[in-house]
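See structure below.
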Amino acid sequence: MSHCILRNSRISWTSSFKLLLTSRKMASTLSHTPASLGPLHPAKAQTAAVKPSVAKSIGIRVKDPLDHEAPAILHEPRNYNRQQANESAVVLISGAGGGVSGPAGIYPSLADKFSLLLNIPCIRLDYRQPAREKYCTADVVAAFDYLATHYSSKNFVIVGWSFGGSPCFTVAAREPERVRGVATVASQTAGTEGVRQLSPRPVLLLHGTGDTCLSPACSQTLFRQYGEKGERELKLFEGDDHGLSRNAVEVERLIFHFAARCLGLGGMVDEPMKEEAAKDLAGSRKERVSEMQEGHDLEGGERL
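Note that full-length UniProt numbering has the sequence shown beginning at 1, numbered continuously upward.
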């Protein structure tokens, strides 16, 4: 595996890449019901001898003019302790078509690991109106409020794929007291002006150089726009696709450790936990695509 890592270094690359999402026509998108979302757990959880978290489909009420519920899957810790969890939670969001499985189907596995290993709740959030930033942003804030009400959560990390980068950075700019860090996979640049207000809170930007949906120039641009005063990391995976399917296990590991650090839980991550966090619970590329299809992530023009 070859990749490029850039940490707090200036990028002087000249790029002829087009920022594709700003010019492409988005395919029609459909909203989903909570009952239609899946899977609750990654495909290999049982065969890997991993005891899955308590996961269930929920609807999150969003109080805005649309006034509908955002569908989601909630992963609950089995033994939740507010102080031990540092009043923390993670929200995972997907691309232009919505969905709850994420890039290369990593979200079910990530959510199980957050709830089981770090004992924090995690929401895999779908959108009421996919690809409409105004409503998607409100969905994320409503997920924060849901977690605050049910778990007293005050500190959040947001993870977004593709279009999901837009609501991630927008919410981070609006919620400086609650958002502790943002991680994105193959983010677009449209609607991401909030990245300029994220520093000094950490950002992790992951992108494949073989992405034919959104050029890696998008993440390079976000890296520059974030500035040099905070903790920023850009990691490019040579030849990988829009969902980083060739490096999915490594991507999941990076996001897990990033979230733990941002939430002040890095000290909990000992060697046995590192081994658990590095397990592949999703399986082959075919199994990962199946998870994305079940989660409705390959809609709205999204693809690997």
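Just so it is clear, CB atoms sit at the ideal spot from N, CA and C, and this is done for glycine as well.
If you compare the alpha carbons of L117, R285, L92 and A143 with that of V182, the shortest gap goes to L92. Close CB contacts of L234 within its chain, under the 7 Å cut and outside five residues either way in sequence, are with L6, L205, S219, Q220 and F223 (chain order). At a Cβ-Cβ threshold of 8 Å, A190 and H207 do not count as neighbours. Going by DSSP, K154 is part of no alpha helix (DSSP H) at all; its letter is neither H nor E. For the set A248, N119 and A45, the Cα lying nearest the Cα of V269 is the one of N119.
In the structure shown, the three-state DSSP call for H257 is helix. A contact is defined here as three or more CB-CB pairs under 8 Å, and the region 160-170 fails this definition with respect to the region 76-88. The region 84-98 makes no contact with the region 52-61, as fewer than three CB pairs between them are under 8 Å.
For K274, the uninterrupted alpha helix (DSSP H) segment begins and ends at E271 to A277.
Between E294 and P71, the C-beta spacing is not below 8 Å. D67 sits exposed, since fewer than 16 C-beta atoms from the chains shown fall within 10 Å of its C-beta. Note on geometry: alpha-carbon atoms of G165 and E271 lie some 31 Å from one another.
V140 sits away from L37, with the two beta carbons spaced by 8 Å or more. Between R196 and V179, the CB-CB gap reaches or exceeds 8 Å. Taken in chain order, the complete beta strand (DSSP E) segments of 3 or more residues contained in the region 173-222 are 179-185 and 203-208.
In the DSSP assignment, A70 is bridged to I60.
8 Å or more divides the Cβ of A111 from the Cβ of L281. Under the criterion of beta carbons closer than 8 Å, E291 and G97 do not qualify as touching, at roughly 15 Å. Between D297 and G95, the alpha-carbon positions lie close to 7 Å from each other. For G267, the secondary structure class from DSSP, reduced to helix, strand or coil, is helix.
Pairing D240 with T209 gives a Cβ-Cβ distance under 8 Å. A distance of 8 Å or more separates the beta carbons of H75 and S109. Between V249 and Y226, the C-beta gap is not smaller than 8 Å, which leaves the two residues out of contact.
In this structure, G194 places its C-beta atom within 8 Å of the C-beta atom of A173.
Looking at the DSSP output, E76 bridges to V54.
In the three-state DSSP reduction, L118 falls in the coil class, being neither helix nor strand. Here G267 is exposed: its Cβ has fewer than 16 other Cβ atoms, across all protein chains shown, within 10 Å. Under a 10 Å Cβ-count criterion, S152 is classified as exposed, with fewer than 16 other Cβ atoms of the shown protein chains found around its own Cβ.
The C-beta distance from E252 to I73 rounds to 17 Å, too long to meet the 8 Å contact threshold. Between the alpha carbons of F169 and S199 lies a distance of about 11 Å. Spanning the alpha carbons of C262 and A85 requires a straight line of approximately 12 Å. Relative to the Cα of L236, the nearest Cα in the group T184, D145 and A142 belongs to T184.
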